[in-house]
Amino acid sequence: MTIVAGSVGPLPDGGELVAIACSGDDAATQRMLERLGSPNKAVQSALSQAIRRTAPAGLWRRLLDHLARENLAEAVAGATPAVRPGSPNRSSAIVKLFVEEDSHSAATRQAVLVEGLSDPCGEVRVTAASLLGMCGDARAADLLLDAVQSAAPGVGARAVDALGVLRLDRSAPTLVEALRSDNELLHHAATHALSAFGPGAVPALAGALRAPQEHVRWHAARALGQIGDASAADSLAGALGDPDSNVRFAAAEALAEIGCKALPSFLERLARHATSEAIRQASRHLINSLHQDDLKARLQPLLEVLYAPGAGTQVQIVAARLLQAWRNTS
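Take any residue in the sequence shown, note its place counting from 1, add 387, and you have its number in the numbering used here.
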């Protein structure tokens, strides 16, 4: 038993509280949910362990339903400011309970989630699909793809997180489309998910560099840099001429992250096209952002001319010379 300051008496500890909640006691279930939302990590951890060790399918189902209701409350709150969603701590704790590996409860949790896929409530179906996806189970992938554009940003973001875990190539276009969302939570989740995909997401992200929205192009460039695959180099080199300075710098940083294998595309871009001051500025940023000192040294002649005033044609000449030397030594 635990004594809490300001309480009228001792409170049941985690194991006792879970046992009472398992019996169907609504008050105990509510208290359990409140503790799951506690900012005290020790309280959260003790209760989570008790749930994993002893909770039957019925309690796991109540946790799934509660998480689905919080997702629904979030959607309503987005349309009606007076309605407030539940505790982010509590939602995160419930998600962890379902997705973190644990031999005691794995079979029970999975059975509850699979059953949730056929629930009459759409919110429960999407929540179950997202949790299954986060566990690496792809059987609900189609439902997740449909859920990305959900009216509730948190629901869409959770579906995106699940697709990021699954890394199905067919989901890359849907995730790139999520980059176009005006909702910051959703397009940040999509960037993170696409970054985890690896080279399979490069074609879709390269196409997103031509999107009309600046934030989509910026997120695409950032994700390509995090993937670090050389197949994106030509598209990123083209983005050095983007009309938005943030996109230009993101493309420069992405090329720097790719490193040596990106430099031929960069040099060819400068050698073949006249350079504006904006492109020269992005090019300087690229060279200065390189992690390898030997690459910086090889590009030092280009960096010097990029800093020289009115050296547009000279930039092309030096870039062409360095490109030829690069090819001769490759």
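Positions of the beta carbon are idealized from the N, C-alpha and C atoms, including for glycine. Remember, it's a predicted structure, so these values are computed and weren't measured experimentally.
Annotation for L450: I481 place their beta carbon closer than 6 Å to its own, counting only its chain and skipping 5 residues before and after.
According to the DSSP assignment, L581 belongs to the alpha helix (DSSP H) that extends over 571-584. The criterion of a C-beta distance shorter than 7 Å is satisfied by A619 and V589. In this structure, the beta-carbon distance from L566 to A528 does not fall below 7 Å. Around the beta carbon of E457, 16 or more other beta carbons lie within 10 angstroms, which makes this residue buried. Assignment of P560 by DSSP, reduced to helix, strand and coil, places it in the helix class.
In the assembly as shown, R526 is an exposed residue. Its beta-carbon has fewer than 16 other beta-carbons within 10 Å. Annotation for H672: the continuous alpha helix (DSSP H) segment containing it runs 664-676. The beta carbons of S505 and L532 sit no closer together than 7 Å. A contact is defined here as three or more CB-CB pairs under 8 Å, and the stretch 641-649 fails this definition with respect to the stretch 691-700.
DSSP places D631 in the coil class of the three-state scheme, outside both helix and strand. Counting the other Cβ atoms within 10 Å of the Cβ of A610 gives 16 or more, which makes it buried.
When the beta-carbon positions are compared, L423 and A415 stay at least 7 Å from each other. A buried status is given to H453, since no fewer than 16 other beta-carbon atoms sit within 10 Å of its beta-carbon.
Unbroken alpha helix (DSSP H) runs of no fewer than 4 residues, entirely contained in the stretch 410-455, are found at 413-423, 428-441, following chain order. For R714, the uninterrupted alpha helix (DSSP H) run begins and ends at 699-716, by DSSP. Assignment of G523 by DSSP, reduced to helix, strand and coil, places it in the coil class. Here V513 carries a helix assignment [DSSP, helix/strand/coil]. In the DSSP annotation of this structure, the continuous segment of the alpha helix (DSSP H) that includes S652 starts and ends at 650-659.
Following the DSSP letters along the chain, one finds E502 inside the alpha helix (DSSP H) bounded by residues 493-503. Shown here, R685 sits in a helix according to DSSP, grouped into three states.
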